[in-house]
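Peer 1: I'd like to ask you about the structure that follows.
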Amino acid sequence: MRFVLLLTLFCLSCTTPAEVVVDRPTLDAVHVQQFFDAAFSLQQQEHKIVGAVISVVYQGEVLFKGGYGFADLEARKHADPDDSLFRIASISKPFVWTAIMQLAEQGRLSLDDPVDQYLDFELPATYEEPIRIWHLLTHTPGFEEMGTGSTTREAEDLKPLGEYLAARMPARVRPPGQQASYSNYGTDIAGFIIEKVTGQSWSDYVEQHVLGPLNMNSTNTQIIMEERLKARHAKGYKFEGGNYVASNYEYFGGLPAGHISTTADDMTRFMLAYLNDGALGEGRILTPETARQMQEPLFAPHNKISPMLHGFYRADRQGLKIYGHGGDVNQFHSNLSLYPDLDLGVFISFNSDPGSAARSRLIAGFVDHFFGGDFLPAPPEAANVDLEPYAGTYLSLRRNHSTFEKLTMLVAGVEVSASDSELVVSGGSITRWIALGDDVFRDKYADRYLVFTRDDDGQISHMIINGALGTMDRARGVDSPGFVQILLGIVFVISVLVVVAYTKPTARDVNHSLPRLHVALAWLFCLLVLGLYGHLGASLAGDPGDFTYGVPTPAHISLILMALNALLGVAVLVFALRHWINAEGALIQRTFYSLAGLAALLNLWIAYYFNILIYPFS
């Protein structure tokens, strides 16, 4: 049996078409334990996993709980499903949505209420349509993504939730209710609404009205964790330079979106309650009607795309209806999956990187092992569709528009191309898609779909992969990473030429007829372009987690100097124009200096486009 389990998990990571026939085992405690025992043994080697906790509920009972590896590697403390607290990150959100739905069923708020009526600060009035509470549940409020400065190292550095929301307000970049883009800020607003409606902190309310009725006594929502829980909390680990390195506990500035820590045992109670129409024993967190409502679609961009539910998201597989949530923070990677038709729930949490990949593969492996059909479905018959209009670069909606974080779009594009009557999507991995008809495709080897949407002119505007949160918009013109990369390349090449030419002694002799100040400023501008972009690129290529605490000092200095250098470039551009107006210097001298002016002009636009010009004032 162990060999069969290992073979099944190995085949899940393969991409070569093949047919593997595996007898489906009975879903019982013995087979479930055998599966997870084998899975952890394999994943521990493949993903350098330190520890994991797992719990499974089935038909109203706890079927399995397991702890693997270590909660504290240095202390050799084993992961324990009953004792070890793991951070569940964004799985905190379903607890917030449960609280919101409690208040809705009590008539204390309506999901159709504009969120503005509960806030003591103003959201930008970018669009006529207000953001409503249901937009928060479906991640469709239309906010941009902002990650820099979202966490702190110490609890005392946290601001009250209202102050945090007012100080870190993202731009509204699309009308609400149109497209889904994952938004921690939206969940934090929901937590603030809970506080305004109830007069309690979101953490106290969730503790009293969600955790309390379910006897989830080993779950923490509070900023300062009780000592009895703190002593049992697992550590998160990175694998760096061949060693496991414990990471410091970090605090979300917006706590509702991802602060909760819990045990696998406590999560059995949450799963059992949701699988039993909101009740567990004598405790009840929702009426049966509301508990069932939370499984219903609230936003669906297309009938082939998994919808957003009332706070949960759908992730069906092998014909099974599956809803739940995932979470990643501070080297903890977790997943909650509920199978209502089977009365089954699975919770897993890892405490090391790359636990995100391990988590996703483990859930897929569990479903395929116990409920799968053929290892690889037969590719669909391709419809006669012209594929060329779909080719291009697409960018995730979950990105920044208004701050220097917009720079990340340079490395975030997903490329779509046509090849052999298939669409090839390249972005981290390569997948192939077969056309079922105009704008609708199916994965060649999996039961998932890709859909394209069009604007009012009939042009391809968005691509949606599998789920509503997989929405991307098509990058065109100046918003294309490739276009901006070409401009950057031109600026870099010119800067190298200018620095080299104006550094040589012979060049200074040849250019004596141009004002030396002008030549010196062009040389300095180009030298700073090369140095500052290189330095900022190195900073951005480092640990992205450093930016969650705020802009690191080296990057902060680079951004300020880049803004100042862009203004210096304006002087170079003015001097280049003056040379032509006044016929200063020889033709070749003016022409070469104009290259520096061109670099200055392009650099000014780049600094404007990526919001670098306004950085010193933000």
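Okay, so the sequence shown: first residue is 3 according to my numbering, each after it adds one.
Using N, Cα and C, we set each Cβ at its ideal position, and we do this for glycine too.
#1: Quick one: any contact between the stretch 144-154 and the stretch 176-189, if contact means 3 or more CB pairs under 8 Å?
#2: I'd like the ranges of any beta strand (DSSP E) spanning at least 3 consecutive residues and lying wholly in the stretch 247-285.
#3: Considering only their Cβ atoms, is the gap separating residue 91 from residue 329 smaller than 7 Å?
#4: Taking only the alpha-carbon atoms, compute the straight-line gap between residue 75 and residue 44 and give it to the nearest angstrom.
#5: So, residue 60 versus residue 322, is the Cβ gap smaller than 7 Å?
#6: According to DSSP, what are the bridge partners of residue 420?
#7: How about residue 442 and residue 433: do their beta carbons lie closer than 7 Å?
#8: My understanding is that residue 542 touches residue 474, with C-beta atoms under 8 Å, so please give their C-beta distance in whole angstroms.
#9: Taking the straight line between their C-alpha atoms, what separation do you get for residue 49 and residue 361?
#10: Beta strand (DSSP E) containing residue 239: first to last residue?
#11: Taking the continuous alpha helix (DSSP H) assigned at residue 604, which residues delimit it?
#12: Which of the three DSSP states is assigned to residue 518 in this structure?
#13: Note the first and the last residue of the continuous alpha helix (DSSP H) segment covering residue 403.
#14: Start and end of the beta strand (DSSP E) containing residue 581?
#15: Is residue 323 helix, strand or coil when you go by DSSP?
#16: Between which two residues does the beta strand (DSSP E) harbouring residue 621 extend?
#17: So, for residue 614: in the same chain, excluding its five sequence neighbours on each side, which residues have a beta-carbon less than 8 Å away from its beta-carbon?
#18: Taking the straight line between their C-alpha atoms, what separation do you get for residue 211 and residue 454?
#19: Who are the Cβ neighbours of residue 600 in its own chain at under 7 Å, not counting the five residues just before and after it?
#20: Contact between the stretch 570-578 and the stretch 525-540: three or more CB pairs below 8 Å?
#21: Mapping DSSP to helix, strand and coil, what is residue 396?
#22: Considering only DSSP beta bridges, list what residue 54 is partnered with.
#23: Would you kindly work out how many angstroms separate the C-alpha atoms of residue 1 and residue 494, rounded to a whole number?
#24: Would you list the residues sitting across from residue 140 in a DSSP beta bridge?
#25: Rounding to the nearest angstrom, what Cα-Cα distance links residue 320 and residue 379 in this structure?
#26: Taking the alpha-carbon of residue 35 as reference, which of 114, 303 and 368 has the nearest alpha-carbon?
#27: Could you check if residue 123 is buried or exposed, using at least 16 other CB atoms within 10 Å of its CB as the buried criterion?
#28: Given this structure, state the Cα-to-Cα distance separating residue 399 from residue 450, to the nearest angstrom.
#29: Rounded to a whole number of angstroms, what is the C-alpha to C-alpha distance between residue 282 and residue 39?
#30: Can the beta-carbon of residue 1 be found less than 7 Å from the beta-carbon of residue 234?
#31: As a quick exercise: from 169, 534 and 217, pick the residue whose alpha carbon is nearest that of residue 264.
#32: Which value, in whole angstroms, describes the spacing of the CA atoms of residue 41 and residue 336?
#33: Grouping DSSP H, G and I as helix and E and B as strand, with all else coil, what is residue 116?
#34: Could you spell out the range, first to last residue, of the alpha helix (DSSP H) harbouring residue 490?
#35: For residue 310, which three-state DSSP category applies?
Peer 2: According to the structure data:
#1: Three or more beta-carbon pairs drawn from the stretch 144-154 and the stretch 176-189 are found closer than 8 Å, and the two stretches are therefore classed as touching.
#2: none
#3: yes
#4: 19 Å
#5: no
#6: Residue pairing of residue 420 in beta bridges, as defined by DSSP: 425.
#7: no
#8: About 21 Å separates the two Cβ atoms, so there is no contact after all.
#9: Residue 49 and residue 361 have their alpha carbons spaced roughly 10 Å apart.
#10: 238-242
#11: According to the DSSP assignment, residue 604 belongs to the alpha helix (DSSP H) that extends over 589-611.
#12: helix
#13: Neither: residue 403 is in no alpha helix (DSSP H) and is coded neither H nor E.
#14: Note, residue 581: premise wrong, no beta strand (DSSP E); alpha helix (DSSP H) at 555-583.
#15: coil
#16: The chain is shown only over 3 to 620; residue 621 falls outside these bounds and no answer can be derived.
#17: 406, 561, 564, 565, 568 and 608
#18: 42 Å
#19: 496
#20: yes
#21: strand
#22: 70 and 352
#23: A query on residue 1 cannot be resolved here, the shown segment of the chain reaching from 3 to 620 and no further.
#24: Paired residue(s): none; residue 140 is not in a bridge.
#25: 10 Å
#26: 368
#27: exposed
#28: So the two alpha carbons sit approximately 20 Å from each other.
#29: 29 Å
#30: A query on residue 1 cannot be resolved here, the shown segment of the chain reaching from 3 to 620 and no further.
#31: Among 169, 534 and 217, the Cα nearest to that of residue 264 belongs to 217.
#32: 16 Å
#33: Shown here, residue 116 sits in a strand according to DSSP, grouped into three states.
#34: 483-505
#35: strand
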